[in-house]
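Q: Have a look at the structure that comes next, please.
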Amino acid sequence: MGVKYKIVKFNINEFGIDIASLRKTFSFELLAWDNNDTKLSQLRFLMRKYPQDKQRILSEAQYYLDDISVPEYIEKCITGLSEKEKKAFYSYRPFRKRGISRFITEWVNHQWEVNVIELPALSSFTQDADHSTDLRKLVRRFPPMDSATSHSPELKQLIKRLVGVVCECEPHIKVRRIGVTCHQVSLIISQLERFVSNSPEGLHQDGSDYIVSALVIDKYNIDGGASKLYCTEKKEFIKSHILECGEGLLHVDKNSTIWHKVTPIKIKEPSLGDGYRNILGFDFNYI
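In this note's numbering, the protein residues as written are 7 to 293.
In C-alpha cells form, the structure reads like this:
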C-alpha cells in the first residue's frame, strides 16, 4: 500500500482484517432492490429520445423519481413513444441492491472513535452534479444497512483504518472529525442482460473529500468491473485495475483532478447462472 497522487490501492489483509470475516458480517442477499435505477434509466431514455426537451424533463425528474405520480410533461413524452420504444422504456429493471449507513468519526485520546448515526427507514442521498443534465443531483432514498452490520466491530475497525489512510494522504490538515457514509451494493447481472454497470453515468466525481470507490467483498461468474482513474491534469487514465476480493481503491475526489468510473460487468460462463459483484463504497467528508 502506497500513496501516489493521493491514490491508494489496498488489501484489507494489510489492516489485519480477514475477507472471510467481512463476508460473514455483510449479508448482500437481504439487501433491498434499488428501484431508483429503474426510474433513472427511464429518464435517460427520454432525454436521449427528446434531446431538445432535456430541461423540461429535468424540471419534473424529481417528482418522477419520488413515484408520487407521473408529471404532466413526462407523461406526454411517454405517450409520444412508439410501441417499440414503450416496450424498451418499460423493460428497465433494477440491477443493484443497496443499503447505506452513516458514521461520525472523532479523534479522541490519540485514536479514532466510530459512532453510528441511526437512520430512518429511508435516507436521502444526493451527489454533486458534474454537468447540467447529471441525474445524480436528484435526491435518491435508500434503506439502511442491517443494524447489526452497522454496529459490527469488523466494520468499525475497517472505517478506523480507512480514516487513518485518508489522514496519511493529507498530513498538513489536522482533521479531528470526519463524516463517513458506507454504501453496501450488490451489482447483479442475469442471463437476460448483456451487461450492467455500477457507474451508468460514466466518468465522474462523487463530491466528497475522499472516497473508496470500491472495496470488493465477493464476486461470482463475471468479467469486467475494472476500476479506472482519469487525471484531468494529465488528460489520460492513470490507473486501471480489476479489484479482486479484499482489494479496494481509496482516492481524493472533490476539487481534485481525479475522476473515476468502473467498466460494466458481463456473464463469464452462461452455464453457471447469474453473476454478481458485491462491494462496499465509502464517502469521507471533513467536518
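For glycine and all other residues, C-beta sits at the position ideal for the given N, C-alpha and C.
With C-beta atoms as the reference, is Cys188 less than 8 Å away from Asp224?
A: Taking the first residue of the sequence shown as 1, we reach residue 188 at position 182. Taking the first residue of the sequence shown as 1, we reach residue 224 at position 218. No, the Cβ-Cβ distance between Cys188 and Asp224 is not below 8 Å.
Q: Run through DSSP, which three-state label would Phe95 get?
A: In the sequence shown, residue 95 corresponds to position 89, counting from 1. Of the three classes helix, strand and coil, the one that applies to Phe95 here is helix, per DSSP.
Q: Since His116 sits in a beta bridge, which residues does DSSP pair it with?
A: As a position in the sequence shown, residue 116 is number 110, starting the count at 1. BP columns for His116 are empty, so no partner.
Q: Let's test the definition: count the other Cβ atoms within 10 Å of the Cβ of Gly254 and tell me whether it reaches 16, buried, or not, exposed.
A: For this step, residue 254 is matched to residue 248 along the sequence shown. The residue is buried, with at least 16 neighbouring Cβ atoms inside 10 Å.
Q: Once DSSP output is grouped into helix, strand and coil, what is the label at Leu198?
A: Numbered from its first residue, the sequence shown carries residue 198 at position 192. Leu198: coil per DSSP, three-state reduction.
Q: Could you check how far apart the C-beta atoms of Ile194 and Tyr282 are, in whole angstroms? I think they sit under 8 Å.
A: For the purposes of this step, residue 194 is identified with residue 188 of the sequence shown, where counting begins at 1. For the purposes of this step, residue 282 is identified with residue 276 of the sequence shown, where counting begins at 1. 5 Å between Cβ atoms; contact.
Q: Assuming the contact rule is C-beta atoms closer than 8 Å, Lys45 and Tyr70 should be a hit. Round their C-beta distance to whole Å, please.
A: Within the sequence shown, numbered from 1, the residue matching residue 45 stands at position 39. Within the sequence shown, numbered from 1, the residue matching residue 70 stands at position 64. About 6 Å separates the two Cβ atoms, so the contact holds.
Q: I'd like to know whether the C-beta of Tyr292 is nearer than 8 Å to at least one C-beta of chain B.
A: No chain B appears in the structure shown, which is made up of a single protein chain.
Q: From Asp212 to Asp259, what does the alpha carbon distance come to, in whole angstroms?
A: Residue 212 sits at position 206 when you count from the first residue of the sequence shown. Residue 259 sits at position 253 when you count from the first residue of the sequence shown. Between Asp212 and Asp259, the C-alpha separation is close to 7 Å.
Q: How far does the alpha helix (DSSP H) with Glu242 in it extend, from its first residue to its last?
A: Counting from 1 along the sequence shown, the entry for residue 242 is found at position 236. Premise fails: Glu242 lies in the beta strand (DSSP E), Glu242 to Ile248, not in any alpha helix (DSSP H).
Q: Just checking, does the stretch 162-177 make contact with the stretch 227-246 on the three C-beta pairs under 8 Å criterion?
A: Not touching, per the Cβ criterion.
Q: Which partner residues does Pro150 have in the DSSP bridge list?
A: The residue you call residue 150 lines up with position 144 of the sequence shown. Pro150 pairs with Ile106.
Q: Do you know offhand how far Leu221's Cα is from Ile248's?
A: For this step, residue 221 is matched to residue 215 along the sequence shown. For this step, residue 248 is matched to residue 242 along the sequence shown. In a straight line, the C-alpha of Leu221 is about 11 Å away from that of Ile248.
Q: Name the two residues that bound the continuous beta strand (DSSP E) containing Tyr296.
A: Nothing can be reported for residue 296: it is not among the residues displayed for the chain, which extend from 7 to 293.
Q: Count the other CB atoms, across all protein chains shown, that sit within 10 Å of the CB of Ser158; report buried if there are 16 or more and exposed otherwise.
A: Looking up residue 158 in the sequence shown gives position 152. With 16 or more other Cβ atoms within 10 Å, it is buried.
Q: What is the rounded straight-line gap between the Cα of Leu52 and the Cα of Leu37?
A: The residue labelled residue 52 in the question sits at position 46 within the sequence shown. The residue labelled residue 37 in the question sits at position 31 within the sequence shown. Straight-line Cα distance between these residues: approximately 29 Å.
Q: Drop a sphere of 10 angstroms on the beta-carbon of Lys241, count the other beta-carbons inside from all chains shown, and report buried for 16 or more, exposed for fewer.
A: Counting from 1 along the sequence shown, the entry for residue 241 is found at position 235. Counting Cβ neighbours within 10 Å, Lys241 comes out exposed, since fewer than 16 surround it.
Q: Quick one: what does DSSP say Ser214 is sitting in, helix, strand or coil?
A: Within the sequence shown, numbered from 1, the residue matching residue 214 stands at position 208. Looking at Ser214 - three-state DSSP - the assignment turns out to be coil, as it is neither helix nor strand.
Q: From the DSSP output, read off the bridge partner residues of Phe131.
A: On the sequence shown, residue 131 is found 125 positions in, with the first residue counted as 1. The partner list for Phe131 (beta bridge, DSSP) reads Arg146.
Q: What first and last residue would you give for the alpha helix (DSSP H) that runs through Glu160?
A: As a working note, residue 160 is residue 154 in the sequence shown. It spans Pro159 to Cys175 - the alpha helix (DSSP H) in which Glu160 sits, taken as one unbroken run.
Q: Distance, Cα to Cα, Gln58 vs Cys83?
A: Counting from 1 along the sequence shown, the entry for residue 58 is found at position 52. Counting from 1 along the sequence shown, the entry for residue 83 is found at position 77. Those two C-alpha atoms are separated by around 12 Å.
Q: How many Å lie between Gln197 and Phe101 at the Cα?
A: Against the sequence shown, residue 197 aligns to sequence position 191. Against the sequence shown, residue 101 aligns to sequence position 95. When rounded, the distance between both Cα atoms is 12 Å.
Q: Please classify Ser47: does DSSP put it in a helix, a strand, or coil?
A: The residue given as residue 47 occupies position 41 in the sequence shown. Looking at Ser47 - three-state DSSP - the assignment turns out to be helix.
Q: Quick one: Cα of Thr111 to Cα of Glu119, how far?
A: Here residue 111 refers to the residue found at position 105 of the sequence shown. Here residue 119 refers to the residue found at position 113 of the sequence shown. Cα to Cα, the separation comes out at about 5 Å.
Q: At the level of alpha carbons, what is the spacing between Pro126 and Arg146?
A: The count along the sequence shown starts at 1 and reaches residue 126 at position 120. The count along the sequence shown starts at 1 and reaches residue 146 at position 140. Computed Cα separation, rounded: 14 Å.
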